[in-house]
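Just so we're aligned, residue 6 is where the sequence shown starts under our numbering, counting upward by one.
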Amino acid sequence: MIIRENDVELLLIEDDDIDAKAIQRSMKKLKIANRLHRAKDGIEALEMLRNGDINKPFLILLDINMPRMNGLDFLEEIRGDNSLKDTIVFMLTTSKAEEDRVAAFEHNVAGYMVKSDLEDGFASALELVGHYWRIVEMPK
C-alpha cells in the first residue's frame, strides 16, 4: 500500500527506541510514505502539537508507560484541549491491564493494541492504521 506523503501525518509517542525503530522499519516495508514524528513522552508530544510541528490531519500511536507524562495522562490532557480534543489516537502498548484498556476507551481511543499480541510485529498495527486513514474522512 502506498499512501501519499502529505495526506496524514503520524505522531508516535513511544519512549522505547527499539520499538520506535521497529515501527519505522514496518512503515518502510509496507511502503507507507506518510511523515512520521516521534516524541518520547506525553510532554514532548504536547509541545510538538501545540507548537504546530505536526500538520493536520494526523493520527497518534500512543504508548501508556512512559516517563514524565504517561499515555493516559496525555489522553486526559488532549481531550480537555479544544484544539486537540478530536485527535484520533490508537494505543500501542505492552499493557494488558483491563483498567488501562478501560481508561483508554473512556478517553475515546480509536483502538487498543497490545504489542505482544501483534503476530507480525508492528506491520499489522500499521496496516490497520493505514486502512483507517484511507477510508475515514477526517477534517483538515
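The beta-carbon is built from N, C-alpha and C at its ideal position, and this holds for glycine as well.
message: Could you give the first and the last residue of the continuous alpha helix (DSSP H) run that contains V107?
response: Residues 103-111.
- prompt: Assuming N113 and R84 make a contact with CB atoms under 8 Å, what is their CB distance in whole Å?
  reply: About 7 Å; that satisfies the 8 Å criterion.
Top-ranked residue by Cα proximity to I48, from R73, L16, S121, L80: Comparing Cα-Cα distances from I48 to each of R73, L16, S121, L80, the minimum goes to R73.
Contact under 7 Å by Cβ, I1 with L16: Outside the displayed range of the chain (6 to 145) lies residue 1, so it cannot be described from this structure.
message: Excluding the 5 residues flanking M32 on each side, which residues of the same chain have their C-beta closer than 7 Å to its C-beta?
response: Counting only Cβ-Cβ distances below 7 Å, and skipping sequence neighbours, we find L41, L131.
- prompt: I18 lies in the alpha helix (DSSP H); which residues open and close that run?
  reply: Going by DSSP, I18 is part of no alpha helix (DSSP H) but of the beta strand (DSSP E) stretching over 14-18.
- request: Could you spell out where the alpha helix (DSSP H) holding R55 opens and where it closes?
  value: Where R55 is concerned, the enclosing alpha helix (DSSP H) starts and stops at 47-55.
task: Kindly indicate if chain B contains any beta-carbon less than 7 Å away from that of E14.
output: Within the model displayed, chain B is absent; a lone protein chain is all it includes.
- prompt: Could you give the distance in angstroms between the alpha-carbon of K61 and the alpha-carbon of M53?
  reply: Going by the C-alpha atoms only, they are around 12 Å apart.
message: Run through the DSSP bridge pairs and tell me what L97 is partnered with.
response: For L97, DSSP records a beta bridge to M118.
query: Is DSSP giving R84 helix, strand or coil here?
result: Reduced to three states, the DSSP call for R84 is helix.
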